[in-house]
Amino acid sequence: MVGLYESALDELSAIEVDGKMVHPKIIASTATVRRAQSQIRALFNRRDVDVFPPPGPDIRDSFFARTHSTNDSNARQYVGIAAQGRSPKVIMLRVYLALQGAAQKAYYEAGGPKAESNPADPYMTLLGYFNSLRELGGARRLIEDEVRTQ
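Converting from the sequence shown to the working numbering requires adding 114 to each position, the first position being numbered 1.
Spelled out as structure tokens, the structure:
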């Protein structure tokens, strides 16, 4: 059974305008737009579907993101860390230390502060995502303690 609550809520939210039933506009977010039409039909029994942003003429350019070759000078690379059986805080600290060391090495290999066109970030910026303020606070405390002891 698919869309039991969604279809009931859709019917309860509909109003009659000029003798015609008008249903609310549904805006949804999904990680993939594959089979969006069939999913929306199964959940809400709606046939009219618009995907935003619409797919562009080029698969490598979706308006929000562009795909670049890893041969490009400023192409980004993403890495996932899977360390089962280890403390997430210790793994995070080790990964952050390795990334900061690599950033510092790249900065000095590109000429350091003397090079005007150094592509490396002189501030060694590191961005972390956390699921809660509690996790963020724990990570901050761990990093501050590590910096103080070094």
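C-beta atoms are modelled at their ideal positions from N, C-alpha and C, and glycine is treated no differently.
Query raised in the report: If you run the structure through DSSP and keep just helix, strand and coil, what is Lys139?
Result: Here residue 139 is taken as the residue at index 25 of the sequence shown, counted from 1. For Lys139, the three-state secondary structure derived from DSSP is coil.
Query raised in the report: Got a sec: does the ligand ADP put a non-hydrogen atom nearer than 8 Å to the Cβ of Leu123?
Result: Because no ligand of any kind appears in the structure shown, any question about the ligand ADP cannot be addressed here.
Query raised in the report: According to DSSP, is Asp175 helix, strand or coil?
Result: Position 61 of the sequence shown, counted from the first residue, corresponds to residue 175. Strand.
Report task. Quick one: residues in its chain with C-beta nearer than 8 Å to the C-beta of Ser201, no 5 flanking neighbours on either side, listed in chain order? Result -> For this step, residue 201 is matched to residue 87 along the sequence shown. Cβ within range, chain order: n/a, list empty.
Requested in this report: Go to Ile129, then tell me how far its alpha helix (DSSP H) extends in each direction, as first and last residue.
Outcome: Against the sequence shown, residue 129 aligns to sequence position 15. Per DSSP, Ile129 lies in no alpha helix (DSSP H) segment; the continuous beta strand (DSSP E) that holds it begins and ends at Ile129 to Val131.
Query raised in the report: Are Phe158 and Ile140 closer than 9 Å when you measure CB to CB?
Result: Within the sequence shown, the letter at position 44 stands for residue 158. Within the sequence shown, the letter at position 26 stands for residue 140. It is a contact, given that the beta carbons lie within the stated cut-off.
Query raised in the report: So what does DSSP say about Arg148, is it helix, strand or coil?
Result: Residue numbering aside, residue 148 sits at position 34 when the sequence shown is read from its first letter. If DSSP states are grouped into helix, strand and coil, Arg148 belongs with coil.
Query raised in the report: When the distance is taken between beta carbons, is Gly242 closer than 9 Å to Tyr192?
Result: Mapped onto the sequence shown, residue 192 falls at position 78. Mapped onto the sequence shown, residue 242 falls at position 128. Result no, Cβ atoms of Tyr192 and Gly242 do not sit closer than 9 Å.
**Report entry** Inter-residue spacing [alpha-carbon to alpha-carbon] between Ala197 and Thr239
**Finding:** Counted from its first residue, the sequence shown places residue 197 at position 83. Counted from its first residue, the sequence shown places residue 239 at position 125. Ala197 and Thr239 have their C-alpha atoms roughly 24 Å apart.
Query raised in the report: Which one or two residues does DSSP pair with Lys134 in a beta bridge?
Result: In the sequence shown, residue 134 corresponds to position 20, counting from 1. Beta-bridge partners of Lys134 (DSSP): Val131.
Query raised in the report: Would the beta-carbon of Leu207 fall within 9 Å of that of Leu256?
Result: Position 93 of the sequence shown holds residue 207. Position 142 of the sequence shown holds residue 256. Yes, these two residues count as a Cβ contact at 9 Å.
Query - Local Cβ density within 10 Å of Tyr237, reported as buried at 16 or more and exposed below that - result: If you number the sequence shown from 1, residue 237 lands on position 123. Tyr237 comes out exposed.
Query - Close-in-space but distant-in-sequence residues of the same chain around Phe244 (CB under 8 Å, 5 per side omitted) - result: As a first step, residue 244 must be located in the sequence shown, where it is residue number 130. Once the five neighbours on either side are set aside, the close Cβ partners of Phe244 are Leu250 and Ala253.
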